[in-house]
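Residue numbers (the working numbering): 10 to 133.
Beta carbons are placed, not taken as given, at the ideal position from N, Cα and C, and that holds for glycine.
The structure appears right after this line, and notes come after that.
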């Protein structure tokens, strides 16, 4: 009879595997560990971009769309908005880096990578 620790370890190993498809076909370009590290780094950025869906100010629960066409348009807008948000953050951070400036964070400390939301909150 297997102990609970053995069962937990086996389940952890089963859940710990995932597949990543990449266009880096040559193994000399990136190692497996580098591909996984790049994926994890980029994935956090993508998930942070869609964090607004959980924001209570977004009020997505109040939307009622009956037409498939309207649902498709809403999905297009909700896909383009994070892209615009990321472009805005990139431009702000690039401008700060070019001029060797910072933006004060919530505690007043200099921040080289402020979020667009925080800048809007301060300036808006």
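To the nearest angstrom, report how far apart residue i and residue j are at their CA atoms.
i	j	result
residue 103	residue 28	33 Å
residue 95	residue 18	39 Å
residue 129	residue 98	11 Å
residue 123	residue 88	22 Å
residue 43	residue 119	31 Å
residue 79	residue 90	16 Å
residue 92	residue 16	42 Å
residue 52	residue 60	12 Å
residue 54	residue 71	27 Å
residue 111	residue 20	46 Å
Are the beta-carbon atoms of residue i and residue j separated by less than 8 Å?
i	j	result
residue 101	residue 125	yes
residue 74	residue 83	yes
For the alpha helix (DSSP H) holding residue i, just list the boundary residues, first then last.
i	result
residue 88	77-107
residue 7	This structure does not reach residue 7, given that the chain is present from 10 up to 133, and the question cannot be answered.
Could you please give me the residues that DSSP links to residue i through a beta bridge?
i	result
residue 112	120
Verify the contact flag: residue i, CB atom, against every heavy atom of the ligand GDP, threshold strictly below 7 Å.
i	result
residue 102	The ligand GDP is not part of the structure shown, which contains no ligands of any sort.
**Prompt:** Does the segment 39-52 come close enough to the segment 114-129 that 3 or more CB-CB pairs lie under 8 Å?
**Reply:** no
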